[in-house]
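Student:
There are 2 protein chains.
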Amino acid sequence: MLKNDTLIRALLRQPTPYTPIWIMRQAGRYLPEYNDTRARAGSFMQLCTRPDLCTEVTLQPLARFKLDAAILFSDILTIPDAMGLGLHFVEGEGPRFERPVHSEADIARLHPPDPDRELRYVMDAVWQIRRALKNELPLIGFSGSPFTLACYMVEGGASADFRTLKTLLYSRPDLLHRILDVNCRAVTAYLASQIEAGVQVVMLFDTWGGTLSAAAYREFSLAYMQRVIEALAGYRGVPKIVFTKGGGLWLDDIAAIGCDAVGLDWTMDIGEARRRTGSRVALQGNLDPAVLFASPETIRAEARRVLAAYGKGPGHVFNLGHGISQFTDPERVAALVDGVHELSREFH
Amino acid sequence: MLKNDTLIRALLRQPTPYTPIWIMRQAGRYLPEYNDTRARAGSFMQLCTRPDLCTEVTLQPLARFKLDAAILFSDILTIPDAMGLGLHFVEGEGPRFERPVHSEADIARLHPPDPDRELRYVMDAVWQIRRALKNELPLIGFSGSPFTLACYMVEGGASADFRTLKTLLYSRPDLLHRILDVNCRAVTAYLASQIEAGVQVVMLFDTWGGTLSAAAYREFSLAYMQRVIEALAGYRGVPKIVFTKGGGLWLDDIAAIGCDAVGLDWTMDIGEARRRTGSRVALQGNLDPAVLFASPETIRAEARRVLAAYGKGPGHVFNLGHGISQFTDPERVAALVDGVHELSREFH
Numbered sequence: 001m002l003k004n005d006t007l008i009r010a011l012l013r014q015p016t017p018y019t020p021i022w023i024m025r026q027a028g029r030y031l032p033e034y035n036d037t038r039a040r041a042g043s044f045m046q047l048c049t050r051p052d053l054c055t056e057v058t059l060q061p062l063a064r065f066k067l068d069a070a071i072l073f074s075d076i077l078t079i080p081d082a083m084g085l086g087l088h089f090v091e092g093e094g095p096r097f098e099r100p101v102h103s104e105a106d107i108a109r110l111h112p113p114d115p116d117r118e119l120r121y122v123m124d125a126v127w128q129i130r131r132a133l134k135n136e137l138p139l140i141g142f143s144g145s146p147f148t149l150a151c152y153m154v155e156g157g158a159s160a161d162f163r164t165l166k167t168l169l170y171s172r173p174d175l176l177h178r179i180l181d182v183n184c185r186a187v188t189a190y191l192a193s194q195i196e197a198g199v200q201v202v203m204l205f206d207t208w209g210g211t212l213s214a215a216a217y218r219e220f221s222l223a224y225m226q227r228v229i230e231a232l233a234g235y236r237g238v239p240k241i242v243f244t245k246g247g248g249l250w251l252d253d254i255a256a257i258g259c260d261a262v263g264l265d266w267t268m269d270i271g272e273a274r275r276r277t278g279s280r281v282a283l284q285g286n287l288d289p290a291v292l293f294a295s296p297e298t299i300r301a302e303a304r305r306v307l308a309a310y311g312k313g314p315g316h317v318f319n320l321g322h323g324i325s326q327f328t329d330p331e332r333v334a335a336l337v338d339g340v341h342e343l344s345r346e347f348h
Numbered sequence: 349m350l351k352n353d354t355l356i357r358a359l360l361r362q363p364t365p366y367t368p369i370w371i372m373r374q375a376g377r378y379l380p381e382y383n384d385t386r387a388r389a390g391s392f393m394q395l396c397t398r399p400d401l402c403t404e405v406t407l408q409p410l411a412r413f414k415l416d417a418a419i420l421f422s423d424i425l426t427i428p429d430a431m432g433l434g435l436h437f438v439e440g441e442g443p444r445f446e447r448p449v450h451s452e453a454d455i456a457r458l459h460p461p462d463p464d465r466e467l468r469y470v471m472d473a474v475w476q477i478r479r480a481l482k483n484e485l486p487l488i489g490f491s492g493s494p495f496t497l498a499c500y501m502v503e504g505g506a507s508a509d510f511r512t513l514k515t516l517l518y519s520r521p522d523l524l525h526r527i528l529d530v531n532c533r534a535v536t537a538y539l540a541s542q543i544e545a546g547v548q549v550v551m552l553f554d555t556w557g558g559t560l561s562a563a564a565y566r567e568f569s570l571a572y573m574q575r576v577i578e579a580l581a582g583y584r585g586v587p588k589i590v591f592t593k594g595g596g597l598w599l600d601d602i603a604a605i606g607c608d609a610v611g612l613d614w615t616m617d618i619g620e621a622r623r624r625t626g627s628r629v630a631l632q633g634n635l636d637p638a639v640l641f642a643s644p645e646t647i648r649a650e651a652r653r654v655l656a657a658y659g660k661g662p663g664h665v666f667n668l669g670h671g672i673s674q675f676t677d678p679e680r681v682a683a684l685v686d687g688v689h690e691l692s693r694e695f696h
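From first to last, the protein sequence lines are chains A and B. Residues in the first sequence are numbered from 1 upward in steps of one, following my numbering. Residues in the second sequence are numbered from 349 upward in steps of one, following my numbering.
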């Protein structure tokens, strides 16, 4: 069905003629046309909740670059917003919740939203984007991980030290587990709905799991991602990617939870990651986004270094190790995408 | 000579009756008496440059807790300040340089300061602290790593993405290498002077090496720390500790540069770290500083978990995995220090 199914094949570790590439946050602020649409929408949340504009910005990078996938334009915090926490964005400070979860009573009130009702705008966007894509490319859906959602829900926003969250974790682990249980059910239902609406790959973004100790990561982040992945196992043809920023140390554990692919940030040598995971999972990554500030020649050289580190054979999806910086020159992205397509052929 | 040489013995992997403990940033803002002294000094830099006040704050935590070491009170950025970059501190924003290094001409002008002249105030503090300690406890000296100093020198302060530094790294690596060469010589001379003035252990703080890719870390951070450690090899009785925050993935490489001990942040299981490094180095760490927000019982349980993960035998120095938070209750620190002393006996 798909005209370009390279991504799907790579995620399932099947042979491909070249290494597919997509870019985390590929529809984003480094693109002038994205900023125009966002300005038209008013606020970021107005952009997220309008399926027509989500479709527009999802397609923008595909018009510029020969990417091998589209990714649903949305935010990782739509779920807690649908739980009634009141998501808004403060310029230069990132996401904020008006009503963070503080007390035991707040936690008791939490319920997983019904994705087809309270997150209907996301499903409408998925449906519209799929129509617009005309089976040219696969569409990736995603969610924040249960733990990462909990971080924002408890802190009320991003944090340098996650003091509130960690105080809860070490003082009342039972309460944090209650939040995580709700989040786990919510994420599962949300991703299932996205799949039913048409996404062809799903990805869990665990942005903050890497701030935990090894033991706390297993108990409070990985265990819940495993539950999500296991609950989605019935969707056999839909590859599942798990990405914990800063999770390289725990790669073996992550690779064992039943996901098809593991996303890597740029701190880990992808060759070593491959040796450690064997043929259990595909690997996605992992160029330092800062490489895109360099010349096209350097970008090609660094991209080749990642390709060569992974080595010959299937199972590699090229990506940055983190979202693309808003300060990136789009011309450099073209150099990367074309470079990966061209340079990767010798490894297949 | 030293009445309590437990730290030195543990760093050299010799038997000790219990696991010694000190705490990164143990003389700091969580202590009311520290805040009093700092207020008296005026600014943070005035505090750092007055040997009498440095001595006072260095000793403050020792009066409260049965710590096994003192650490020189100073800042990791004294070297670039002595290079003329103009260090100052902006409330709530951390360190800033008035004259960051931007152009090729700026870089050409850089020279390692003479520590006994331009950093004389540090050596005077070392000398005064040693006198005040009366050989009760060892004194740890330290420096920022060549790469971490370069981060601040190029960015002009802390940064979320180190965009300026990384642009230089990927666009003009030759220029970054020139800065790092100057820093390397400066750090070596600075630590040698600290040792001559009386410090009995030295530690390199590589706060930002963990933001690099594996290949860039080896080339731009680790290689220069190795040069520093090798240049100090003649100081045989002075153990050398290297700490890269976020460096767990590269532990094997770090352990091979000739240092006596490796500091670990809290993300790595210290038992796994020990298995990977064998008997090559001692390990220092690695409790999540956020554990100190929990109850004394939880603090003891989590401390025991770290002790048990390391296991029986010598070579472990207990510490947090990062500097203590300013929001820590000093009573909790007492619970940790006493807990480690008591609970660690069964492992020796």
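Every residue gets a Cβ at the ideal spot worked out from N, C-alpha and C, and that includes glycine. Predicted, not measured: the structure shown is a model, and the values here were computed from it.
From residue 115 (chain A) to residue 197 (chain A), what does the alpha carbon distance come to, in whole angstroms?
Tutor: Whole-angstrom Cα-Cα distance: 11 angstroms.
Student: So residue 563 (chain B) contacts chain A; which residues on that side make the cut at Cβ distance below 8 angstroms?
Tutor: 269 and 305
Student: Tell me which same chain residues have a C-beta within less than 8 angstroms of the C-beta of residue 659 (chain B), skipping the five on either side of it?
Tutor: 619, 622 and 695
Student: Taking beta-carbon pairs under 8 angstroms, can you tell me which members of the region 509 to 527 of chain B lie near chain A?
Tutor: 509, 510, 511, 514, 515, 517, 518 and 519
Student: Would you mind telling me which residues of chain B sit closer than 7 angstroms to residue 266 (chain A), beta carbon to beta carbon, in chain order?
Tutor: 561
Student: For residue 260 (chain A), which of helix, strand or coil comes out of DSSP?
Tutor: coil
Student: List the residues of chain A that residue 642 (chain B) touches, going by C-beta distances under 8 angstroms, in chain order.
Tutor: 167, 170 and 171
Student: Using the DSSP secondary-structure output, state which residues sit across from residue 268 (chain A) in a beta bridge.
Tutor: In the DSSP output, where bridge partners are listed per residue, residue 268 (chain A) has none listed.
Student: Is the beta carbon of residue 378 (chain B) less than 9 angstroms from the beta carbon of residue 425 (chain B)?
Tutor: Going by C-beta atoms, residue 378 (chain B) is not nearer than 9 angstroms to residue 425 (chain B).
Student: Anything in the region 589 to 600 of chain B with a Cβ closer than 8 angstroms to a Cβ of chain A? List those residues in chain order, please.
Tutor: Residues of the region 589 to 600 of chain B with a C-beta less than 8 angstroms from any C-beta of chain A: 594, 596 and 597, listed in chain order.
Student: Kindly indicate the opening and closing residues of the alpha helix (DSSP H) around residue 44 (chain A).
Tutor: 44 to 49
Student: Applying the criterion that 16 or more other CB atoms from any shown protein chain within 10 Å of the CB defines a buried residue, is residue 689 (chain B) buried or exposed?
Tutor: buried
Student: My parser needs the alpha helix (DSSP H) runs of 4 or more residues fully inside the region 455 to 537 of chain B; what are they?
Tutor: 463 to 466, 468 to 481, 494 to 503 and 511 to 519
Student: Between the region 322 to 329 of chain A and the region 21 to 39 of chain A, are three or more C-beta pairs nearer than 8 angstroms?
Tutor: yes
Student: Indicate whether the contact test is met: 3 or more Cβ pairs, each with one atom in the region 118 to 136 of chain A and one in the region 172 to 181 of chain A, closer than 8 angstroms.
Tutor: no
Student: Alpha carbon to alpha carbon, how far is residue 372 (chain B) from residue 575 (chain B)?
Tutor: In this structure, the alpha-carbon of residue 372 (chain B) lies about 24 angstroms from that of residue 575 (chain B).
Student: Can you give me the start and stop residues for the beta strand (DSSP E) that residue 68 (chain A) sits inside?
Tutor: Careful: residue 68 (chain A) lies outside any beta strand (DSSP E) and carries neither H nor E.
Student: Provide the residue span of the alpha helix (DSSP H) that contains residue 654 (chain B), from first to last.
Tutor: 644 to 658
Student: Output the boundary residues of the beta strand (DSSP E) element that contains residue 334 (chain A).
Tutor: Residue 334 (chain A) -> not in any beta strand (DSSP E); alpha helix (DSSP H) instead, spanning 330 to 343.
Student: Cβ closer than 9 angstroms: which chain B residues qualify as neighbours of residue 291 (chain A)?
Tutor: 514, 518 and 561
Student: Taking the alpha helix (DSSP H) that residue 203 (chain A) falls in, what are its first and last residues?
Tutor: From DSSP, residue 203 (chain A) is part of no alpha helix (DSSP H) but of the beta strand (DSSP E) over 201 to 206.
Student: Return helix, strand or coil for residue 364 (chain B), following the three-state DSSP convention.
Tutor: coil
Student: List the whole-angstrom C-beta distance separating residue 577 (chain B) from residue 607 (chain B), where the pair is believed to meet the contact cut-off of C-beta under 8 angstroms.
Tutor: 5 angstroms
Student: Would you mind sorting residue 650 (chain B) into buried or exposed? The rule is 16 or more other CB atoms within 10 Å of its CB.
Tutor: buried
Student: What does residue 325 (chain A) touch in chain B if you count any residue whose Cβ is under 9 angstroms from its own?
Tutor: 509 and 511
Student: Which chain B residues sit within Cβ distance under 7 angstroms of residue 210 (chain A)?
Tutor: Chain B residues near residue 210 (chain A): 615.
Student: I'd like to check one pair, residue 162 (chain A) with residue 204 (chain A): are the Cβ atoms closer than 9 angstroms?
Tutor: no
Student: Given that a residue counts as buried once 16 or more other Cβ atoms are within 10 Å of its Cβ, and exposed if not, what is residue 600 (chain B)?
Tutor: exposed
Student: Between the Cα of residue 4 (chain A) and those of A:135, A:283 and A:306, spot the shortest distance and give me the residue it belongs to.
Tutor: Nearest C-alpha to residue 4 (chain A): A:135.
Student: Please identify the residue among B:497, B:502 and B:567 whose C-alpha is closest to the C-alpha of residue 454 (chain B).
Tutor: For the set B:497, B:502 and B:567, the Cα lying nearest the Cα of residue 454 (chain B) is the one of B:502.
Student: List, in chain order, every chain B residue whose beta-carbon is nearer than 8 angstroms to that of residue 298 (chain A).
Tutor: 518 and 519
Student: Does the region 128 to 147 of chain A come into contact with the region 53 to 60 of chain A, if we say contact requires no fewer than three beta-carbon pairs (one atom in each stretch) closer than 8 angstroms?
Tutor: yes
Student: According to the neighbour-count rule (16 or more other Cβ atoms, all chains shown, within 10 Å of its Cβ), is residue 400 (chain B) buried or exposed?
Tutor: exposed
Student: In chain A, what lies closer than 8 angstroms to residue 554 (chain B) by C-beta?
Tutor: Those within 8 angstroms of residue 554 (chain B) in chain A number zero; the least Cβ separation is about 13 angstroms.
Student: For residue 589 (chain B), which residues does DSSP report across the bridge?
Tutor: B:551 and B:609
Student: Is there a Cβ of chain B sitting closer than 9 angstroms to that of residue 302 (chain A), yes or no?
Tutor: So yes, residue 302 (chain A) belongs to the interface.
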